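**Student:** The following block contains the structure, expressed as structure tokens.
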Amino acid sequence: MTDWRKAKLPVFAFLAPATIIYTLFMIYPLIDSIRLSFYSTPSGGEMAFVGFDNYRTILGDPDWSATFWNSFWNNMKFFAVHMLVQNPIGIALAGILSLPQLRFRNTYRTMMIMPTMLSVVIVGFIWQLILSPVWGVGVDILDIFGLKSLFGPWLGKEGSALITLSFISVWQWVGIPLMLIYAALLAIPDDLVDAAIVDGATHFEVFLHIKLPLVLPTVAMVSILTFVGNFNAFDLIYAVKGALAGPNFSTDIMGTLFYRTFFGYQLQLGDPSLGATVASLMFLIILAGVLFYLFAVQRRLARYQL
1 MTDWRKAKLP
11 VFAFLAPATI
21 IYTLFMIYPL
31 IDSIRLSFYS
41 TPSGGEMAFV
51 GFDNYRTILG
61 DPDWSATFWN
71 SFWNNMKFFA
81 VHMLVQNPIG
91 IALAGILSLP
101 QLRFRNTYRT
111 MMIMPTMLSV
121 VIVGFIWQLI
131 LSPVWGVGVD
141 ILDIFGLKSL
151 FGPWLGKEGS
161 ALITLSFISV
171 WQWVGIPLML
181 IYAALLAIPD
191 DLVDAAIVDG
201 ATHFEVFLHI
211 KLPLVLPTVA
221 MVSILTFVGN
231 FNAFDLIYAV
241 KGALAGPNFS
251 TDIMGTLFYR
261 TFFGYQLQLG
271 DPSLGATVAS
281 LMFLIILAGV
291 LFYLFAVQRR
301 LARYQL
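Per full-length UniProt numbering, the sequence shown starts with residue 1, numbered consecutively.
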């Protein structure tokens, strides 16, 4: 028994540093934020346990609930654009890059991944300049294709600001699903592809009927990473529109709502307890999405692989 324990000790010693760091900087702040959401700090008083009152305020108070559900549905729209635009484009580009006869493959791959290396602040500033109706070059680019009449102050309109920011985010991060799916495509044995081509299948048919089904687990993983990333989004909205997420809160998502609630902004005073409540609700939404993926999507993919 002593020998067995001695043999296992190096394993625990190897895992201990990462476990301690992860606990200190991830698990403890998460648990403490949830704990804080059950307390309130009256003016000039000490923290008092209030149970689910903060949650009732966020979800039931007319002023707070309207703001919360507005940010939630904006977050859903933000996620939907990424799912319907970013990931299909990433799959298509990965399929093109995997073609054996494609020349300059490495050059294209580098160009597509470069926007992900840029700071979000720089990306937001550049696109603000491009889309500015005063000095932006966006109208000149559309004029080249005869589409000048379609240009408008997209970042300044309530109906188009969020969609525009979503497309900017897609432009920056499309390289992530591209590279993940491209790596999965490279792992497919060449024998399967060669056999299908010998049987008369085109490259598109090979991709649709052979490659795509084999990389579906990776596509599912990319989808859940997109969900988690979008519901944690904050930086692009803040860099372009500030904490008020204008115009008229039309670009407000849960990340910006949490920032205003916890830290305060302009005339709005910060409330750490309500801010922790918003953060806890964000965590529950993300947890629900991850559990749905694990128990509904991943199980079906596992059966399909078998």
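Even glycine gets a Cβ: it sits at the ideal position worked out from N, Cα and C. All values derive from a computational prediction rather than experimental measurement.
1) Please work out which residues of its chain come closer than 8 Å, Cβ to Cβ, to leucine 150, disregarding the five sequence neighbours upstream and downstream, and give them in chain order.
2) Going by beta-carbon coordinates alone, are leucine 180 and glycine 90 separated by less than 9 Å?
3) Where do the N-terminal and C-terminal ends of the alpha helix (DSSP H) with serine 166 fall, by residue?
4) Throw me the rounded Cβ distance for the valine 174 and glutamine 86 pair, which I believe falls under 8 Å.
5) Counting pairs of beta carbons, one from the stretch 66-77 and one from the stretch 185-204, are three or more of them closer than 8 Å?
6) Alpha carbons only, please: which of Pro133, Pro272, Asn248 and Val219 is nearest the one belonging to alanine 66?
7) Would asparagine 230 be called buried (16 or more neighbouring beta carbons within 10 Å of its own) or exposed?
8) Closest to histidine 82 by C-alpha separation, out of Arg260, Thr226 and Ala276, would be which residue?
9) How big is the Cα-Cα spacing for isoleucine 168 and glycine 159?
10) Leucine 99 to valine 193, Cα distance in whole Å?
11) Is the separation between the beta-carbon of leucine 185 and that of valine 215 shorter than 9 Å?
12) Could you check the C-alpha separation between serine 273 and leucine 244 for me, to the nearest Å?
13) Out of Glu205, Leu281 and Arg300, state which residue places its alpha-carbon closest to the alpha-carbon of asparagine 54.
14) My assumption, with CB atoms under 8 Å, is that proline 133 sits in contact with proline 115. Please give the rounded CB distance.
15) Can the beta-carbon of aspartate 271 be found less than 9 Å from the beta-carbon of threonine 261?
16) Can you tell me where the alpha helix (DSSP H) holding tyrosine 28 begins and where it ends?
17) Tyrosine 108 and leucine 97 - do their beta-carbons sit closer together than 9 Å?
**Tutor:** On the basis of the coordinates in this document:
1) For leucine 150, the CB contacts under 8 Å within the same chain, skipping 5 residues up- and downstream, are Leu142 in chain order.
2) Result yes, Cβ atoms of leucine 180 and glycine 90 sit closer than 9 Å.
3) Serine 166 -> alpha helix (DSSP H) spans 161-173.
4) The C-beta separation of valine 174 from glutamine 86 comes to about 5 Å, placing the pair in contact by the 8 Å criterion.
5) Result no; under three Cβ-Cβ pairs closer than 8 Å.
6) Comparing Cα-Cα distances from alanine 66 to each of Pro133, Pro272, Asn248 and Val219, the minimum goes to Asn248.
7) With 16 or more Cβ atoms within 10 Å of its Cβ, asparagine 230 is classed as buried.
8) Each of Arg260, Thr226 and Ala276 was checked against the Cα of histidine 82, and the nearest Cα belongs to Thr226.
9) C-alpha separation (whole angstroms): 16 Å.
10) In a straight line, the C-alpha of leucine 99 is about 11 Å away from that of valine 193.
11) Cβ distance < 9 Å, so leucine 185 and valine 215 count as in contact.
12) Looking at the two C-alpha atoms, the distance is approximately 20 Å.
13) Nearest Cα to asparagine 54 within the set Glu205, Leu281 and Arg300: Leu281.
14) Contact between proline 133 and proline 115 fails: their C-beta atoms lie close to 24 Å from each other, not under 8 Å.
15) Cβ atoms of aspartate 271 and threonine 261: closer than 9 Å.
16) 28-36 is the span of the alpha helix (DSSP H), which, as asked, contains tyrosine 28.
17) Cβ distance < 9 Å, so leucine 97 and tyrosine 108 count as in contact.
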